[in-house]
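To start, the structure under review is shown below, and the notes come after it.
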Amino acid sequence: MFDYINLSILAIFIPTFFFVSITPGMCMTLALSMGMSIGLKRTMYMMVGELLGVALVATSSVIGVAAIMLNHPTIFIVLKYAGGAYLIYLGISMWLSRGKMALNIEGCSFNVSKKNLAMQGFVTAIANPKGWAFFIALLPPFIDEKLAFAPQLSVLILLILSLEFSCLIIYASGGTTLRKLLQNSSNVKLLNKIAGTMMIGIGIWLALT
Numbered sequence: 001m002f003d004y005i006n007l008s009i010l011a012i013f014i015p016t017f018f019f020v021s022i023t024p025g026m027c028m029t030l031a032l033s034m035g036m037s038i039g040l041k042r043t044m045y046m047m048v049g050e051l052l053g054v055a056l057v058a059t060s061s062v063i064g065v066a067a068i069m070l071n072h073p074t075i076f077i078v079l080k081y082a083g084g085a086y087l088i089y090l091g092i093s094m095w096l097s098r099g100k101m102a103l104n105i106e107g108c109s110f111n112v113s114k115k116n117l118a119m120q121g122f123v124t125a126i127a128n129p130k131g132w133a134f135f136i137a138l139l140p141p142f143i144d145e146k147l148a149f150a151p152q153l154s155v156l157i158l159l160i161l162s163l164e165f166s167c168l169i170i171y172a173s174g175g176t177t178l179r180k181l182l183q184n185s186s187n188v189k190l191l192n193k194i195a196g197t198m199m200i201g202i203g204i205w206l207a208l209t
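Dropping the structure here:
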């Protein structure tokens, strides 16, 4: 695997995506709510759908950006600066966040058929326009143009899915303890500030490289 990816980039990539994934958002809040209401085992079906959605969004984002980079390099430069500005904006927004969870988990109800759980996870992953914008802005900077594109993308997406799945498990199995932890705004603020700092740093790096 390490023959297909730049290890120095990997050292930045893993903690960045971990803190972005672990920060409370739609998918993580959904996993927490489902884990508490229908149990970890059945929540796994939602996770499968969510991970398929994340893989689709990440792959489509990078392939689209790569096509623009090869065929329209001038447009890619504009997108690069726009992406860097967007990440800095995201980082500042996370710093200024009041630390509230993205969804209210009170009173949530779910259709517990396997198909519907998987579909709910899939739709949650692909229907969020911020998710697409995030991957378009954040993932391409970690692609090393000196290395083969397809194997490198496969490794990065595998790592993204592994980090996402780990965070989903943490949320779905966290139960009341994690719920109380995340309902404390100061704890969520800390996660937001860590992830926000990384977003600002990556945004500056993207604009300068």
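The opening residue of the sequence shown carries number 1 in the UniProt record's numbering; numbering runs sequentially from there.
For glycine and all other residues, C-beta sits at the position ideal for the given N, C-alpha and C.
Quantities reported herein were computed from a predicted structural model and do not represent experimental measurements.
Check: Residues in its own chain within less than 6 angstroms of LEU103 by CB, not counting five upstream and five downstream?
Finding: In this predicted model, LEU103 has a pLDDT of only 43, less than 50, meaning its place in the structure is not dependable; the value taken from the coordinates is given anyway. If we look at LEU103 and ignore the five residues flanking it on each side, its Cβ neighbours are THR29.
Checklist line | GLU50 in three-state terms, based on DSSP | finding: helix
Notebook entry, point to check: Relative to the alpha-carbon of TRP95, which residue among ILE200, LYS80 and ILE12 has its alpha-carbon at the smallest distance?
Noted result: ILE200
Note to self: With distance defined between alpha-carbon atoms, name the residue in ILE202, ALA172 and LEU191 nearest to LYS41.
What the structure shows: ALA172
Margin query: With distance defined between alpha-carbon atoms, name the residue in GLN152, ASN6, MET26 and ILE136 nearest to LEU87.
Written below: ILE136
Check: Measuring from the CB of GLY175, is there a heavy atom of the ligand ZN at a distance below 7 angstroms?
Finding: Ligands in the displayed structure: none, and consequently the ligand ZN is not present.
Item checked: Residue range of the alpha helix (DSSP H) that includes ASN6 -> Counting along the chain, ASN6 falls outside any alpha helix (DSSP H), and DSSP gives it neither H nor E.
Check: Grouping DSSP H, G and I as helix and E and B as strand, with all else coil, what is SER173?
Finding: SER173 falls in the helix class under three-state DSSP.
Notebook entry, point to check: Closest by CA to SER154, which one among LEU139, LEU168 and SER166?
Noted result: LEU139
Item checked: Rounded C-alpha distance that separates LEU163 from TYR81 -> 27 angstroms
Notebook entry, point to check: Does the region 64-82 come close enough to the region 7-17 that 3 or more CB-CB pairs lie under 8 angstroms?
Noted result: no
Check: How many whole angstroms separate the CB atoms of VAL48 and GLY131, which I take to be in contact at a CB cut-off of 8 angstroms?
Finding: About 17 angstroms separates the two Cβ atoms, so there is no contact after all.
Next item on the list: Take PHE149 and list the residues in its own chain whose beta-carbon comes closer than 8 angstroms to its own, dropping the five residues that flank it on each side.
Entry: ALA66 and ILE143
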